[in-house]
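Quick note on UniProt numbering: the sequence shown kicks off at 1 and runs consecutively. The C-beta atom is built at its ideal place from N, Cα and C for all residues, glycine as well. Note that the structure is predicted; figures quoted are calculated from it, not measured. Take a look at the structure set out below.
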Amino acid sequence: MEITEGAAAARRPLKDTPRHQLTRGLMRTLNVINVNYYRKHNPKNAGALMKKKKKTPANYVFSDTGEETFADGRYIVRGRKLGAGSFGQVVEAHDRATSQMVAIKIIQKKQQYTDQAQTEINILQQLHLPQQHDATNHIVRLTDAFMHKGHQCLVFERLGPNLFDVLRGTNFQGISLKLLRKFTRQILKAMEYMRHPNVNVIHCDLKPENILLVSLGHSSLKLIDFGSSCLSRNQIHRYTQSRFYRAPEVLLGMRYTAAIDMWSLGCILVEMHTGKPLFCGYDSTDQLHRIINVLGMPPRELISRATPSFRREYFEEIMMVEGNNQWIDYRLKVHKVVPPKGVEVIPESSKTLAEILCSADKYGTANHPPEQYEALLDLVLRMLDYNPETRITPSEAMQHPFLMNLRQLQPDETVRIV
């Protein structure tokens with residue numbers, strides 16, 4: 001005989017029925033849920049709740065043992081950090097397969113940085129495809145790549161100090177013109193190779209920190225950090241380059257070419273010889289003001305090609321009339337830098353580029369005659385041409401008198417860095 005729920009309920013006390021059991025304490029439960037909901041959604045409690053929630057660190061955290069192995073025991077890392085940035089960190093490691101010291105770049109466990117690292121891997125593999133090319137001697141070599149506990153890792157040959165370290169070794173007095181020539185020719189060789197039609201790579205972040213000596217005390221160097229790089233035909237970032245070395249076409253939101261790397265190099269040459277950054281803007285607007293203060297206003301044609309929002313941010317339009325002719329000209333908007341408390345802003349230079357170069361401590365001393373500064377000035381001015389289409393190319397720069405009028409150092413020749 002089938003027994004219905006109602007019949008069963010009739011034969012037992014009310015407190016034992018399924019309905020009573022399921023709903024017993026319901027109001028108390030709902031009240032607790034209600035209190036918790038409003039506690040969580042009260043802004044006053046947001047900070048406390050965030051503190052309670054334990055976040056997984058994006059950066060790789062080393063154990064307290066002081067030694068770890070990567071890639072199934074191939075690499076031994078003893079915790080010596082070589083550098084760090086928004087991407088993650090770089091550590092020194094011993095490669096047990098080759099008995100060589102290497103640098104492992106450990107990427108943050110964030111998708112955007114993992115994707116960026118994959119771009120760097122692809123570009124470096126492409127750059128080193130024709131291994132017989134001499135210019136690849138001036139581009140860092142990627143030797144391995146793997147995942148470690150969710151972190152993308154890139155393994156590079158172990159190099160020496162970067163050019164900012166070299167500059168610091170001079171107490172920011174700058175390097176000699178002779179050493180500057182040696183460095184410049186090597187960088188230009190790498191840039192010429194990257195511009196080859198079969199390669200077409202734009203570095204997008206040339207600066208002293210991304211140019212490393214192969215070893216301490218020697219002048220051979222290599223370009224590193226291709227994490228922001230792109231192919232000429234496939235620009236990933238509309239806004240790129242470190243601010244001090246950012247080309248005007250990037251500041252104006254225009255499409256860019258490999259010529260932006262040449263602009264960066266022009267800034268680097270001045271900094272490496274004088275010991276001070278040429279254009280050290282506090283923000284993008286201040287950066288453009290500093291460039292214009294030294295080089296004058298960009299051509300009207302260049303400004304008119306800028307992205308409208310960028311153009312309106314930096315310039316105001318002026319209607320010019322001369323007889324029956326009318327045209328639009330541009331005037332730089334007034335910009336006042338208001339840095340946060342405690343942040344020091346270096347005053348804008350009131351000097352021309354010629355005056356900046358000739359104010360270098362070495363000007364007029366042995367091996368630094370005025371005519372060499374004239375040649376350097378001409379080269380830098382051509383590197384800092386506002387028009388990217390007429391800016392000097394790496395091939396042209398290597399034939400420039402500044403780089404041709406002295407005996408070149410041999411690659412294995414020792415150079416005193418301090």
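Where residue i and residue j are concerned, what is the direct C-alpha to C-alpha distance, given to the nearest angstrom?
i: K207; j: F226; result: 12 Å
i: D95; j: Y75; result: 5 Å
i: F62; j: R168; result: 30 Å
i: Y386; j: A97; result: 49 Å
i: Y363; j: L384; result: 21 Å
i: S304; j: C204; result: 24 Å
i: A258; j: Q126; result: 16 Å
i: E389; j: H138; result: 25 Å
i: Y330; j: I318; result: 6 Å
i: L403; j: E192; result: 15 Å
i: M297; j: Q241; result: 21 Å
i: L295; j: R311; result: 18 Å
i: residue 426; j: G83; result: Residue 426 falls outside the range modelled here, since the chain spans only 1 to 418, and no answer is possible.
i: A145; j: V199; result: 22 Å
i: E374; j: A354; result: 8 Å
i: G281; j: K149; result: 39 Å
i: Q118; j: L154; result: 9 Å
i: K351; j: I291; result: 11 Å
i: E112; j: F70; result: Note that residue 112 corresponds to Gln in the displayed sequence, not to Glu. Answer to the nearest angstrom: the Cα atoms are 23 Å apart.
i: L221; j: P339; result: 36 Å
Is DSSP giving residue i helix, strand or coil here?
i: R312; result: helix
i: K346; result: Residue identity differs from the one stated: residue 346 is Ile in this sequence, not Lys. In this structure, I346 counts as coil in the three-state DSSP scheme.
i: A8; result: Below a pLDDT of 50, predicted positions are generally treated as unreliable, and A8, at 42, falls in that range; no measurement from the model is reported.
i: H400; result: coil
i: G364; result: coil
i: V77; result: strand
i: K351; result: coil
i: K105; result: strand
i: T143; result: strand
i: N324; result: coil
i: I318; result: strand
i: I202; result: strand
i: A93; result: strand
i: L379; result: helix
i: N171; result: coil
i: T69; result: strand
i: G266; result: helix
Using the beta-carbon count (16 or more within 10 Å), is residue i buried or exposed?
i: N325; result: exposed
i: W327; result: exposed
i: F315; result: buried
i: G25; result: Caution is warranted here: a pLDDT of 49 is assigned to G25, below 50, making its placement in the model unreliable, and no coordinate value can be reported.
i: L216; result: exposed
i: E120; result: buried
i: F172; result: exposed
i: S309; result: exposed
i: K51; result: Low confidence applies here, because K51 scores a pLDDT of 47, under 50, leaving its location unreliable; read the following figure in that light. Exposed: under 16 other Cβ atoms inside 10 Å.
i: Y256; result: buried
i: H273; result: buried
i: D286; result: buried
i: S228; result: buried
i: P197; result: exposed
i: K53; result: Per-residue confidence for K53 stands at a pLDDT of 47, beneath the threshold of 50, marking its modelled position as unreliable; the derived number appears in the next sentence. Answer is exposed; the Cβ neighbour count stays below 16.
i: P369; result: exposed
i: V334; result: exposed
i: R300; result: exposed
CB residue i to CB residue j, shorter than 9 Å?
i: I260; j: V270; result: no
i: L252; j: H289; result: no
i: E157; j: T136; result: no
i: W263; j: R246; result: yes
i: C230; j: I346; result: no
i: L177; j: S219; result: no
i: G73; j: V91; result: no
i: I392; j: L376; result: no
i: L212; j: G160; result: yes
i: G66; j: T170; result: no
i: I356; j: L278; result: yes
i: Y60; j: H128; result: no
Does the segment 164-171 come within contact of the segment 234-244, defined as at least 3 CB pairs closer than 8 Å? Contact between the segment 164-171 and the segment 234-244 is not established, with fewer than three Cβ pairs separated by less than 8 Å.
Would you call the segment 185-192 in contact with the segment 386-404, where contact means no fewer than 3 C-beta pairs closer than 8 Å? As far as the Cβ criterion goes, the segment 185-192 touches the segment 386-404, which means the pair count is three or higher.
Any contact of the segment 101-108 with the segment 75-93, i.e. 3+ C-beta pairs under 8 Å? Yes: at least three Cβ pairs fall under 8 Å.
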